[in-house]
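Heads up: the protein sequence lines correspond to chains Y and X, in order. Letter by letter, the first sequence follows residues 1 to 271 in this note's numbering. Letter by letter, the second sequence follows residues 1001 to 1353 in this note's numbering. Cβ atoms here follow ideal geometry from the backbone N, Cα and C, with glycine treated the same way. Treat the numbers as computed from the prediction; the structure is a model and nothing was measured. A short write-up of the structure that comes next.
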Amino acid sequence: MKNIYKPQEAIVEDIIVESSTIKTFVLRLKEPFEFRTGQFVELTLPGIGEAPFTPSSDPNIKNKIEVTIMNVGRVTSLLHTSPKNISLGLRGPYGKGYPLDRFEGKDILIVGGGVGLAPLRSLLFSMFAEIDKYNKVVLRYGARTPDDIIYKESIPGWAKIKKVDVVTTVDVGDAKWKGNVGLVTTILKDLPVDLKNAVSIVCGPPIMMKFATLKLLDFGFKPQDIFLSMEKNMSCGLGKCGHCRMGRYYVCKDGPVFTYEQLKELHDIWD
Amino acid sequence: MHQIYYIESNQLNILSRKLKKDYRVFFPVTEEKNATKKTDYSYRELTVNEPFVFNPYRTVEPLKTFFTPPLDKAAEYFNQEGSIEDFPKIIIFGVKSCDIVGHKVQDFVFLEGVEVDSLYRLRRENIIFISSDCTDFKEVCHCLAWEILPYPTEGFDLNLSPLNEGYLVETGSKKGEELIQQYKEFFVIAKDTQLTARKVKRENLIERLKKHLLPQHLVSKDIVQRLIKEGYNLDTWQQFMLTCVECGGCNFICDTCHCFLLMDKKEGNINKKLKAWDACLYTNYAKVAGGANPLKTRTRRLRFRFTKKFDFFVDNLGMPACCGCGRCIEVCPGKIDIREVLKDLAKKLSVKT
């Protein structure tokens, strides 16, 4: 019988520096592995510790995944100083992911903040692969500074894909930055989406998610058409360890993607 | 259909020793020599010729310790499959009705949901519950308030009801019936008069327990979720939090609390995942990397414990995750009484209990 706590082995094939605090780890898996975009995995630094991450790569690519990780805690700081070719443990995928079937034929507004673009990149790749299924894909992305923008090289290319519209902003610019300056909510105006047939997807730090959601509600999105990726302390990933409970849900098994409709009656969701 | 047998006390003594050949046998013991004194019981493995002890009420420790020890090996990884752990067959005597109800929550968490916890399941399959009727209660006992009777009606393999110089033995499962068949020379079919006597004894205890509980005006099963929902922003949480020292005792002693943390450890060349009990009253319980902590105050953590028990589990399992055993009341150094917290909500919301 399967041991749900036992990770499989994944080799760190490459490490890509995205910003001064963010790196993308390319993992080659020893056993077959598939995930749906928006699902998450638990990565183990052997003998040290485990933490949850949402893959940032295209789910259509089998046996290799990319995970974009910010250096923020005990496990991630050690991961950031790890060399290539080490073995990591991997459990999952967990959770429900993005309900792509509900997005088909619609205007898709994707709002990302900082490293929150990582799970969204996986979603974007899924959509780019079948772009005819969607009416349009509108990305609005904000980072703290130009250095904090991840996937810097890729974003201009995304903007050139048909039916894709991209606007970025930074909270604070620098001498070289010629783009928008202001919080991501400042670029959530004159949105080229038809509210009658649109959904929005938000991922980023809690404070950004809160104000982006309020802005989207204000703009006219219905709570059931706003999809949020929640971040909680997921330890087991299977709704057993208790840590990620939010009201009647476990973020790990009932989420991590929720509609605002599901969450709006719950207390303290942005904390 | 449950079958009911009778066994004499001295025969049960002999039988419990015989069972030791095939099982590790645990039963509640007490250090108190004076039989008339109220005392605490805790599980111990039966050694040589100890006589069988009947505990009139539940043990100090929760039943979950047999299924999820405080620190458990969850997995080894990146090495050849280690030795397959041997699961001893265990018989536990002295389990009470509250423990069995509480254990439904553990079963729900570890046996159902997205995936099964295989370690838990293997232990579960190898454990036999020989429960027994309560013949007395502790001050903190309040099973009846949750509509739980002080004797088990389901969820046991065998149940003992003390009667005269022996016990009525009710079968509650196939495992229990098989055990009886294996040792059938020890048992006789119970007589109708014995069944009537059991009924009278049970009813008498319920009457005594009611007399103890009615004046307390405890919150009932059908209003508790409403109180928790409507009382979310009351000052009850802040008020009761004042004496909480964040020891986690209420979590660890609770038969329904199931939270654990996965930890990694290296022993020699072997990587291990350990499962350690965790407590939602601990500061870092919900903290994420980067520092955000949705349960940063004790007030929130205390409330979290209650919303889990009386809101989350009512929604997800259809029952509150409290069996009225009162262990958390006894263990709390801050004298936080689960009964009083719920009553305070009712009082402040002007809901009659």
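What does residue i touch in chain Y if you count any residue whose Cβ is under 8 Å from its own?
i	result
Cys-1259 (chain X)	Cys-241, Gly-242, His-243
Gly-1113 (chain X)	Leu-238, Gly-239, Lys-240, Lys-253
Asn-1316 (chain X)	Arg-248
Assuming residue i contacts residue j (C-beta within less than 8 Å), just tell me the rounded distance between them.
i	j	result
Cys-1098 (chain X)	Cys-1325 (chain X)	4 Å
Ala-1279 (chain X)	Cys-1259 (chain X)	7 Å
Ile-1091 (chain X)	Tyr-1005 (chain X)	So it is not a contact: roughly 17 Å between Cβ atoms.
Lys-232 (chain Y)	His-243 (chain Y)	7 Å
Leu-238 (chain Y)	Gly-1268 (chain X)	Not confirmed; about 29 Å, so no contact.
Leu-195 (chain Y)	Val-138 (chain Y)	About 12 Å separates the two Cβ atoms, so there is no contact after all.
Lys-1348 (chain X)	Thr-1243 (chain X)	That belief does not hold up - the Cβ atoms of Lys-1348 (chain X) and Thr-1243 (chain X) are roughly 19 Å apart, past 8 Å.
Ala-1145 (chain X)	Ser-1220 (chain X)	7 Å
When you compare only the Cα positions, how much space is there between residue i and residue j?
i	j	result
Glu-53 (chain Y)	Asp-1344 (chain X)	Going by the sequence as given, residue 53 (chain Y) is Phe instead of Glu. About 41 Å.
Ser-82 (chain Y)	Leu-1262 (chain X)	22 Å
Lys-1352 (chain X)	Thr-145 (chain Y)	57 Å
Ile-1329 (chain X)	Ile-11 (chain Y)	50 Å
Ile-1270 (chain X)	Phe-1026 (chain X)	32 Å
Ile-131 (chain Y)	Ile-150 (chain Y)	23 Å
Ile-4 (chain Y)	Leu-78 (chain Y)	25 Å
Ile-15 (chain Y)	Asn-85 (chain Y)	10 Å
Pro-275 (chain Y)	Val-193 (chain Y)	Since the displayed chain Y opens at 1 and closes at 271, residue 275 (chain Y) lies outside it and no answer follows.
Ile-65 (chain Y)	Trp-177 (chain Y)	32 Å
Arg-1044 (chain X)	Phe-1306 (chain X)	31 Å
Thr-1065 (chain X)	Val-1109 (chain X)	15 Å
Cys-1323 (chain X)	Ile-1148 (chain X)	7 Å
Val-272 (chain Y)	Ser-56 (chain Y)	Any property of residue 272 (chain Y) remains undetermined from this structure, which presents chain Y solely from 1 to 271.
Pro-93 (chain Y)	Cys-236 (chain Y)	11 Å
Thr-1171 (chain X)	Val-1053 (chain X)	20 Å
Met-1319 (chain X)	Phe-1310 (chain X)	8 Å
Ala-1292 (chain X)	Asp-271 (chain Y)	7 Å
Met-1 (chain Y)	Phe-1067 (chain X)	17 Å
Going by alpha carbons, who is nearest to residue i out of the options?
i	options	result
Leu-216 (chain Y)	Y:Ile-187, Y:Val-170, Y:Tyr-250, Y:Met-70	Y:Ile-187
Asp-268 (chain Y)	X:Ala-1276, X:Asn-1055, X:Pro-1294	X:Pro-1294
Ile-1228 (chain X)	X:Lys-1287, X:Lys-1273, X:Leu-1302, X:Lys-1191	X:Leu-1302
Ile-1007 (chain X)	X:Lys-1184, X:Lys-1018, X:Pro-1088, X:Pro-1051	X:Lys-1184
His-1142 (chain X)	X:Asp-1107, X:Lys-1211, X:Ser-1131	X:Lys-1211
Glu-1061 (chain X)	X:Cys-1244, X:Gly-1113, X:Phe-1252, X:Ala-1075	X:Phe-1252
Leu-263 (chain Y)	Y:Pro-55, Y:Leu-228, Y:Gly-97, Y:Asp-14	Y:Leu-228
Glu-1125 (chain X)	X:Val-1109, X:Phe-1087, X:Thr-1135	X:Phe-1087
Ile-1130 (chain X)	X:Leu-1071, X:Glu-1115, X:Tyr-1151, X:Ser-1220	X:Tyr-1151
Thr-1135 (chain X)	X:Tyr-1285, X:Val-1029, X:Val-1200	X:Val-1200
Arg-1058 (chain X)	X:Asp-1311, X:Lys-1265, X:Phe-1137, X:Gln-1181	X:Phe-1137
Phe-35 (chain Y)	Y:Asn-60, Y:Ser-200, Y:Ile-16, Y:Val-26	Y:Asn-60
Pro-1069 (chain X)	X:Ser-1173, X:Asn-1013, X:Gln-1106	X:Gln-1106
Lys-1272 (chain X)	Y:Lys-6, Y:Lys-2, Y:Met-1	Y:Lys-6
Glu-1076 (chain X)	X:Gly-1155, X:Thr-1153, X:Val-1169, X:Lys-1275	X:Lys-1275
Phe-1187 (chain X)	X:Ala-1197, X:Leu-1160, X:His-1217	X:Leu-1160
Gly-204 (chain Y)	Y:Phe-219, Y:Val-184, Y:Phe-221	Y:Val-184
Ser-1016 (chain X)	X:Asn-1079, X:Thr-1030, X:Thr-1047	X:Thr-1047
Lys-1174 (chain X)	X:Gln-1182, X:Leu-1168, X:Ala-1074	X:Gln-1182
Ile-22 (chain Y)	Y:Leu-124, Y:Asn-63, Y:Met-246, Y:Gly-116	Y:Gly-116
If the cut is a Cβ gap below 9 Å, which residues of chain X does residue i touch?
i	result
Asn-85 (chain Y)	Residues of chain X passing the Cβ test: none, with the nearest at roughly 14 Å.
Lys-6 (chain Y)	Ala-1074, Ala-1075, Glu-1076, Tyr-1077, Lys-1273
Glu-9 (chain Y)	Tyr-1077, Phe-1078
His-80 (chain Y)	What His-80 (chain Y) touches in chain X: nothing, since even the nearest Cβ is about 12 Å away.
Along the chain, where does the alpha helix (DSSP H) that runs through residue i open and close?
i	result
Ser-122 (chain Y)	117-129
Lys-178 (chain Y)	It is not in any alpha helix (DSSP H) - Lys-178 (chain Y) carries neither H nor E in the DSSP assignment.
Phe-1304 (chain X)	1298-1307
Asp-254 (chain Y)	251-254
Ala-1074 (chain X)	Ala-1074 (chain X) -> not in any alpha helix (DSSP H); beta strand (DSSP E) instead, spanning 1071-1077.
Ser-1009 (chain X)	1009-1019
For residue i, return the contacting residues in chain X, with the cut-off set at a CB-CB distance below 7 Å.
i	result
Asn-233 (chain Y)	Ala-1286, Lys-1287, Val-1288
Asp-268 (chain Y)	Pro-1294
Taking Cβ-Cβ distances shorter than 7 Å, what residues in chain Y pair up with residue i?
i	result
Tyr-1282 (chain X)	None at all; the shortest Cβ gap to chain Y is about 11 Å.
Glu-1230 (chain X)	Those do not exist, as Glu-1230 (chain X) stays about 12 Å from chain Y at its closest Cβ, beyond 7 Å.
Lys-1265 (chain X)	Gly-47
Asn-1271 (chain X)	Pro-46, Gly-47
Val-1109 (chain X)	Lys-240
Leu-1227 (chain X)	The premise fails here: Leu-1227 (chain X) is roughly 15 Å from chain Y at the closest Cβ pair, so nothing lies under 7 Å.
Leu-1349 (chain X)	None at all; the shortest Cβ gap to chain Y is about 17 Å.
Quick one: list the residues of chain X neighbouring residue i, beta-carbon separation under 8 Å, in chain order.
i	result
Asn-3 (chain Y)	Ala-1074, Ala-1075, Ser-1118, Leu-1119
Pro-206 (chain Y)	Ala-1292
Starting from residue i, find everything on chain Y with Cβ-Cβ shorter than 9 Å and list it in chain order.
i	result
Lys-1308 (chain X)	Gly-242, Arg-245
Asp-1311 (chain X)	Gly-247, Arg-248
Along the chain, where does the beta strand (DSSP E) containing residue i start, and where does it finish?
i	result
Asn-197 (chain Y)	Here Asn-197 (chain Y) belongs to no beta strand (DSSP E), and DSSP marks it neither H nor E.
Lys-136 (chain Y)	136-143
Leu-1163 (chain X)	1158-1163
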